[in-house]
Structures are given as structure tokens and as C-alpha cells.
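Chemist: I have a structure I would like to understand better, so I am pasting it below and will then ask my questions one at a time.
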């Protein structure tokens, strides 16, 4: 049995594994940093720093890389997390923090072999915004439920404003954005199903 890790240790270990996995994905495709830069729109220098663990990727950068590699963000993060049991206590649920926005992404029920859905608990600080140019996989099905706070979601230019206990379901084919216009953090659950 593996020793229990603190949440800080889990985050550091996840960052290390993520950097290694990003480098491996690029090498598996035979791409140079320059080629990946052209495909993703992320500078070569930034990609190099991410792979060498000199900086942590933001949600936007991970979103761009997932789109290029054809995987979901949760799927990528699940690959680098320590193995998880079927039942997860809150301390076992993988957590990732966007260093740019402070967005906290807790994987309540991770994607895994034999399952097409995953559930994420998101917390977006007041005033924070995350914009994605494209989905990692076209047609991803989303079911979002706001626990508390205010959330504005833009889907291919269409704005949806949600408050506590509001829900929104959609299939994602284009750009999307999450914005917290309120004075407090917004907390929500989102179930994501692969097509």
C-alpha cells in the first residue's frame, strides 16, 4: 500500500508527471517544439518551460494542448494522477489549480476505462475568466450545475448567465468561455461525457 500523500505533495507530483506526459505526447508524434508551437499557438519557449517543469500550465494552455493532442483535459490529468480507487474520499480526489486565474478543478469522479463520463467540481474566483478556442474533442457533452455564485458561460458566441441551482447542458463544438462576474467565488459541478 502506498503511503498517504498530503494535498501539496499530490499537486507537486501531479505537476511533475504532467510535465513528463506533455513531453512524451510531443515525442510520440515525432514533433519538434517548433512544430508543436505552430500547431498549438503556444510559444516554443513556453512549451519548453512546461516540459522542463519550470512553469505550470494554465487552463488555457492545457486546453490548447489537449485540442492538438485530441484528448480531454480530464483525460490528460487522469493519466498523470496517482491510481485512484473506485470510491474516492475528498482527500483522494485529484486537484489542479490554474496558476494564472486561481481556478480550482477537483475531479470528483475521474474518467477511466469502461466509463464515458467524468464529474468535475470547479471553483472560479471572483472576476476570473477562462477562454478556450476549441474543445479537445468535438461534441463533448456537458451538464453543468451551479452550486453557489454567478457564472457566465459563452458557447460559440452565445452568452448564458447562471446563478445558484441553475443548470446548463450542451455539446461543445467550438469556442467556450467561463467568467465569474460576481463578488464571490462561483462553485459548480460539471459532468462531461465523451461522444
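In UniProt numbering, the protein residues as written are 1 to 195.
Backbone N, C-alpha and C define an ideal beta-carbon position, used for all residues, glycine too.
(1) So, are the CB atoms of residue 191 and residue 136 less than 8 Å apart?
(2) Check whether the Cβ atoms of residue 14 and residue 96 lie closer than 8 Å to each other.
(3) Of the residues 161, 154, 156 and 144, which one's Cα is nearest the Cα of residue 189?
(4) Hey, out of 85, 75, 138 and 187, whose CA is closest to residue 162's CA?
(5) By how many angstroms is the C-alpha of residue 164 removed from the C-alpha of residue 154?
(6) What is the residue span of the beta strand (DSSP E) that residue 187 lies within?
(7) Nearest to residue 20 by CA position, among 51, 79, 109 and 32, is which residue?
(8) For residue 158, is the classification buried or exposed, using 16 other Cβ atoms within 10 angstroms of its Cβ as the cut-off for buried?
(9) Can you list, in chain order, the stretches of the alpha helix (DSSP H) that have 4 or more residues and sit fully within the region 91 to 138?
(10) Are the CB atoms of residue 184 and residue 149 within a distance shorter than 8 Å?
Modeler: Looking at the atomic coordinates:
(1) no
(2) yes
(3) 144
(4) 187
(5) Answer to the nearest angstrom: the Cα atoms are 18 Å apart.
(6) It spans 186 to 193 - the beta strand (DSSP E) in which residue 187 sits, taken as one unbroken run.
(7) Residue 51 is the option with its Cα nearest to residue 20.
(8) exposed
(9) Taking only runs of at least 4 residues, no alpha helix (DSSP H) segment lies wholly in the region 91 to 138.
(10) yes
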